[in-house]
Structure formats: structure tokens, C-alpha cells
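Colleague: This structure is in C-alpha cells; I'll ask about it shortly.
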Amino acid sequence: MEDTVKQEDHFNEKLEKGDFIEPKDWMPEKYRKTLIRQISQHAHSEVVGMLPEGNWITRAPNLRRKAILLAKVQDEGGHGLYLYSAAETLGISREELLDQLHTGKAKYSSIFNYPTVTWADIGAIGWLVDGAAIMNQVMLQRTSFGPYSRAMIRICKEESFHQRQGYEIMVALSKGSAEQKQMAQDALNRWWWPTLMMFGPPDAISSNSADSIKWKIKRETNDELRQKFVDRTIAQVEYLGLTVPDPKLKWNEARGHYDFGEIDWAEFNSVVKGNGPCNRERLKARVGAHKNGEWVRDAATAYAKKQAAKAAGSLVA
Ligand code: BYC
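Each residue of the sequence shown is one higher than the one before, counting from 91 in the working numbering.
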């Protein structure tokens with residue numbers, strides 16, 4: 091008992107000083123659980139996030155765009171791997187994590203349950219979705235758990251390239267023909283509100299925020315990040331000559347921020363509960379991909395075992 095009190099004091103001192111908590115350090119069970127929940131949700135989002143964009147690799151308008159999109163989607167898979175590895179250091183296996191995703195027990199970001207209906211959606215995802223992801227992930231670079239923070243530093247570098255490639259697509263479309271500009275506007279209309287939902291429920295009802303802020307897992311709240319995102323993005327919308335689908339959007343001089351309209355939280359809750367436009371399709375695709383990859387995992391395991399046996403043999407010799 092006394093030992094636990096000492097360990098908890100030591101944990102709190104580390105947080106206070108801004109030191110990282112590392113996998114072998116003592117940590118409260120709830121801290122570990124919260125991290126597993128958030129990091130795995132994040133990893134699943136990266137991997138499920140490959141699907142809406144992957145859908146356009148064969149239909150990219152030219153070779154340059156195809157190569158860029160291919161690289162981006164591949165990066166998202168890599169982000170998933172760094173994050174699954176970070177979660178594994180907390181004492182949960184990759185199999186368990188994937189099982190939670192495939193059985194619908196674990197959440198992933200609501201945003202990936204919307205369809206990509208035109209090429210402009212690929213621009214809007216890179217610009218808005220990756221833009222929102224970066225806003226959140228820049229803060230997570232300073233999260234208190236070492237492996238999560240280190241994964242975030244690397245991921246942020248790649249995400250900023252993703253955001254720029256998306257914006258470049260939007261610039262090309264909005265400076266193109268009238269039809270292309272309309273495509274860009276339609277994509278902005280489709281992705282604006284779901285992007286604002288990505289930051290999570292309002293602070294007043296966010297169930298995990300208080301603990302996560304106390305433990306320095308999250309450094310800024312859902313509403314603070316959402317506001318920052320709106321404030322930064324509007325100038326980019328104006329440069330494109332497009333309009334945000336929100337009649338209530340207005341600069342508020344007194345607050346020094348944009349005011350914006352009410353988010354449809356009923357839609358958010360419905361998507362998170364599994365009833366968004368693409369939830370079933372996404373999960374089916376993920377489960378199918380995992381099943382189809384079984385022979386690759388088996389082959390990799392057999393090869394690793396053979397190499398280990400060879401190495402052991404050469405040591406004995
Ligand atoms: N979607 O108490 P709250 C990317 C859940 S992908 C679904 O505020 P928290 C990319 C939340 O889990 C970006 N569920 O939670 C990839 C909680 O439920 P449980 C992914 C959501 O954790 C490919 C409940 O609502 N980024 O980068 O303090 C291509 C109450 O919420 C969502 C991350 O995952 C949502 N949007 O705060 C392009 C970042 N929001 O678990 C881009 C890491 C909330 O209690 N995650 N919920 O049953 C976080 O920073 C935080 O987990 C959140 C939510 C800000 C998302």
C-alpha cells in the first residue's frame with residue numbers, strides 16, 4: 091500500500107516536471123487503460139483511413155497524382171504500425187487490438203465512415219482531414235507517454251506533406267474550369283462538418299478529457315483544437331475562392347476567433363455507433379483484408395522461425 095503511494099507520488103512528480111512516462115515505469119491502471127484506448131483508436135483510424143483514399147488510387151487523374159496518393163496511403167499504413175507498436179508497450183498484443191477493431195468493440199475516427207465520391211474528395215481529405223489530424227497531433231507530440239510522443243513526432247512530419255498535397259489538389263480544381271471549381275466546393279460542403287466532428291464531443295460532455303488533461307495525455311481540449319482549426323482554415327478557404335457551408339460563420343473581433351454554427355452531434359453519435367454511410371463497408375473491407383493477409387503472416391512467421399533456428403544453429407557450431 092505504502093509502496094503504491096510512493097510509486098504514485100513518483101509518477102505525479104514526473105508528470106509535474108514534464109518528464110516522459112516510459113513503458114517500464116509504474117503508472118496508474120486507468121492511465122494505462124486510457125492510453126491503450128486512445129492509441130489503439132488512433133492506430134485503427136490510420137489503417138481504416140487508408141480505405142476511402144485507396145479507393146481512388148486506380149482512378150487518379152494522372153501518373154503524378156497516382157504516385158503521390160499511393161505514397162500517402164502507404165504512409166497511413168506506416169502510421170498505424172508505429173501506433174500499434176506504441177500500444178503494445180502497454181501490455182496488450184497486436185492480435186487483441188486487431189480483434190477489438192474487427193469485432194466492432196474498438197472505435198476509429200468517425201470521419202472515415204463517409205464516402206469519397208469524386209476526385210475532389212481526395213483533395214478535401216488531405217487538406218481538411220489531415221489538417222485536423224495535424225492540429226490534434228502537434229499537441230500529442232508533447233503527450234506524457236514516451237512511445238506515443240515519439241511516434242507522433244515522426245507522423246506529424248509526414249502529415250504536413252499530406253495536408254499540402256490535398257491543398258494543392260484543391261488549388262488546382264478551384265483555379266480550373268467552372269465544373270472543377272464546383273467539384274471543389276461540393277467536396278468542401280461534404281467534408282466541412284464531419285471534419286469539425288473529428289475533434290470529439292464538446293468539452294462539457296467529453297467523458298475522458300478531464301483525466302487526459304490531468305495526466306498530460308491531451309494538452310488541449312477538443313473545443314480548443316476545433317476552434318484553432320477553424321481560425322487557421324478560413325484564410326485557406328478564402329484563397330481558394332470557396333465558401334464554408336455555415337451561414338453562422340463570422341469573425342468575432344471581441345473574442346479574436348471565428349464564431350461558427352452548431353455541429354450536428356446527433357449525426358456524430360449515429361456515425362460513432364456504427365450507422366454512418368460507410369461503417370459496415372469499412373469494417374467488412376478491413377476484416378476481409380486481414381483474412382486475405384493470413385498467408386503472408388504465416389509465411390513471415392515461418393521465415394522468422396527458420397532464420398532464428400539457423401542463427402541458433404550457427405551459434406552452437
Ligand atoms: N470518432 O471523451 P472524449 C488521421 C469517442 S486519423 C470516433 O472526448 P477523448 C488520418 C471517444 O473515443 C486521426 N469516436 O474522448 C488517417 C470516446 O469514446 P470511448 C485520428 C470519437 O479520447 C488517415 C467518446 O467519443 N486521430 O490522422 O478524450 C488519413 C467521448 O470522447 C471521436 C486520433 O485518433 C471521433 N472523431 O478525445 C488521414 C487522435 N471523438 O472511447 C488522416 C488521437 C471522440 O470513451 N485521439 N470519440 O468509448 C484523440 O486525440 C482523442 O481520442 C479524441 C477524443 C480527441 C479523438
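All residues carry an ideal CB built from backbone N, CA and C; glycine is no exception. The model shown is predicted, which means the values in this text are computed figures rather than measured ones.
Would you mind working out which of Pro237, Thr391, Gly266, Asn342 sits nearest Val307, comparing C-alpha positions?
Modeller: Translated into positions along the sequence shown, residue 307 becomes position 217. Note that residue 307 is Ile in the sequence shown here, rather than Val. With distances taken between Cα atoms, Ile307 lies closest to Pro237.
Colleague: Would you tell me roughly how many angstroms separate the C-alpha atoms of Trp385 and Gly144, rounded to the nearest one?
Modeller: Counted from its first residue, the sequence shown places residue 385 at position 295. Counted from its first residue, the sequence shown places residue 144 at position 54. Whole-angstrom Cα-Cα distance: 22 Å.
Colleague: Determine the contact status of Ser234 and Ile111, defining contact as a CB-CB distance below 7 Å.
Modeller: As a first step, residue 234 must be located in the sequence shown, where it is residue number 144. As a first step, residue 111 must be located in the sequence shown, where it is residue number 21. Cβ distance < 7 Å, so Ser234 and Ile111 count as in contact.
Colleague: Does the Cβ of Lys197 lie closer than 6 Å to at least one heavy atom of ligand 1?
Modeller: The sequence position of residue 197 within the sequence shown is 107, counting from 1. Distances taken from the Cβ of Lys197 to the heavy atoms of ligand 1 include one shorter than 6 Å.
Colleague: Three Cβ pairs or more, each shorter than 8 Å: is that satisfied between the segment 280-288 and the segment 200-218?
Modeller: yes
Colleague: Relative to the alpha-carbon of Pro367, which residue among Ala176, Thr206, Glu166, Lys96 has its alpha-carbon at the smallest distance?
Modeller: Along the sequence shown, read from residue 1 onward, the residue named residue 367 stands at position 277. Closest by alpha carbon: Thr206.
Colleague: Look at the alpha carbon of Gln253 and the alpha carbon of Val95, and state the distance between them as a whole number of angstroms.
Modeller: Residue mapping note: residue 253 aligns to position 163 of the sequence shown, counting from 1. Residue mapping note: residue 95 aligns to position 5 of the sequence shown, counting from 1. One C-alpha to the other measures close to 45 Å.
Colleague: Is Trp341 helix, strand or coil when you go by DSSP?
Modeller: Here residue 341 corresponds to residue number 251 of the sequence shown, with the count starting at 1. Residue state, collapsed to three classes: strand.
Colleague: Relative to ligand 1, is the shortest distance from any of its heavy atoms to the C-beta of Arg372 smaller than 6 Å?
Modeller: Counting from one through the sequence shown, the residue named residue 372 turns up at place 282. The answer is no for Arg372.
Colleague: Check this for me: beta carbons of Arg122 and Leu180, under 7 Å apart or not?
Modeller: Along the sequence shown, read from residue 1 onward, the residue named residue 122 stands at position 32. Along the sequence shown, read from residue 1 onward, the residue named residue 180 stands at position 90. Taking 7 Å as the Cβ cut-off, Arg122 and Leu180 qualify as a contacting pair.
Colleague: Does chain D have any CB closer than 7 Å to the CB of His100?
Modeller: Given the protein chain composition of this structure (a single chain), no chain D is represented.
Colleague: Unbroken alpha helix (DSSP H) runs of length 4 or more, entirely within the segment 330-381: which are they?
Modeller: 355-360
Colleague: Since Glu249 contacts Gln227 with CB under 8 Å, what's their CB separation in whole angstroms?
Modeller: On the sequence shown, residue 249 is found 159 positions in, with the first residue counted as 1. On the sequence shown, residue 227 is found 137 positions in, with the first residue counted as 1. At roughly 6 Å, the Cβ-Cβ gap stays under 8 Å, so Glu249 and Gln227 are in contact.
Colleague: With distance defined between alpha-carbon atoms, name the residue in Leu263, His347, Ala196 nearest to His132.
Modeller: Within the sequence shown, the letter at position 42 stands for residue 132. Comparing Cα positions, the closest option is Ala196.
Colleague: On a CA-only basis, which of Thr208, Gly139, Met140, Pro118 is nearest Arg280? Give me that one, please.
Modeller: The residue you call residue 280 lines up with position 190 of the sequence shown. When only C-alpha atoms are compared, the closest one is Thr208.
Colleague: Please report the straight-line C-alpha distance between Gly221 and Ala402, rounded to a whole angstrom.
Modeller: Residue numbering aside, residue 221 sits at position 131 when the sequence shown is read from its first letter. Residue numbering aside, residue 402 sits at position 312 when the sequence shown is read from its first letter. Going by the C-alpha atoms only, they are around 48 Å apart.
Colleague: Answer yes or no: do Arg322 and Phe289 have a C-beta to C-beta separation smaller than 7 Å?
Modeller: In the sequence shown, counting from the first residue as 1, residue 322 sits at position 232. In the sequence shown, counting from the first residue as 1, residue 289 sits at position 199. In this structure, Arg322 lies away from Phe289, with their beta-carbon atoms at least 7 Å apart.
Colleague: Can you tell me which residues form a DSSP beta bridge with Phe235?
Modeller: Counted from its first residue, the sequence shown places residue 235 at position 145. Answer by DSSP bridge pairing, in chain order: Ile111.
Colleague: Note the first and the last residue of the continuous alpha helix (DSSP H) segment covering Ser135.
Modeller: Counted from its first residue, the sequence shown places residue 135 at position 45. It spans 119-138 - the alpha helix (DSSP H) in which Ser135 sits, taken as one unbroken run.
Colleague: Hey, how far is the Cα of Gly108 from the Cα of Ile182?
Modeller: Numbered from 1 along the sequence shown, position 18 holds the residue referred to as residue 108. Numbered from 1 along the sequence shown, position 92 holds the residue referred to as residue 182. Straight-line Cα distance between these residues: approximately 26 Å.
Colleague: Does the Cβ-Cβ distance between Ala294 and Leu141 come in under 7 Å?
Modeller: Residue 294 sits at position 204 when you count from the first residue of the sequence shown. Residue 141 sits at position 51 when you count from the first residue of the sequence shown. Result no, Cβ atoms of Ala294 and Leu141 do not sit closer than 7 Å.
Colleague: Could you tell me which of Val320, Val362, Arg184 sits nearest to His347, measuring between CA atoms?
Modeller: One-based indexing of the sequence shown puts residue 347 at position 257. Closest by alpha carbon: Val320.
Colleague: Starting from Ala210, trace the alpha helix (DSSP H) both ways and give me its first and last residue.
Modeller: For the purposes of this step, residue 210 is taken as residue 120 along the sequence shown, with counting starting at 1. Unbroken alpha helix (DSSP H) run through Ala210: 209-214.
Colleague: Tell me which same chain residues have a C-beta within less than 7 Å of the C-beta of Trp341, skipping the five on either side of it?
Modeller: Working through the sequence shown from its first residue, we reach residue 341 at position 251. The answer, listed in chain order, is Tyr348.
Colleague: Are the beta-carbon atoms belonging to Gly213 and Met242 less than 7 Å from one another?
Modeller: Residue mapping note: residue 213 aligns to position 123 of the sequence shown, counting from 1. Residue mapping note: residue 242 aligns to position 152 of the sequence shown, counting from 1. Taking 7 Å as the Cβ cut-off, Gly213 and Met242 do not qualify as a contacting pair.
Colleague: Roughly how many angstroms lie between the CA atoms of Lys247 and Glu166, to the nearest whole one?
Modeller: Against the sequence shown, residue 247 aligns to sequence position 157. Against the sequence shown, residue 166 aligns to sequence position 76. C-alpha separation (whole angstroms): 12 Å.
Colleague: Grab me the residues of Ala210's own chain with a C-beta within less than 6 Å of its C-beta, minus the 5 sequence neighbours each way, in chain order.
Modeller: Indexing the sequence shown from 1 puts residue 210 at position 120. These residues qualify, in order along the chain: Leu263, Met273, Ala274, Ala277.
Colleague: Where do the ends of the alpha helix (DSSP H) carrying Ala300 lie?
Modeller: One-based indexing of the sequence shown puts residue 300 at position 210. 299-304 is the extent of the alpha helix (DSSP H) around Ala300.
Colleague: So, for Ala176: in the same chain, excluding its five sequence neighbours on each side, which residues have a beta-carbon less than 6 Å away from its beta-carbon?
Modeller: Locating residue 176 in the sequence shown gives position 86, where the first residue counts as 1. So the list reads Ile129, Pro237, Tyr238, Ala241, once near-sequence residues are dropped.
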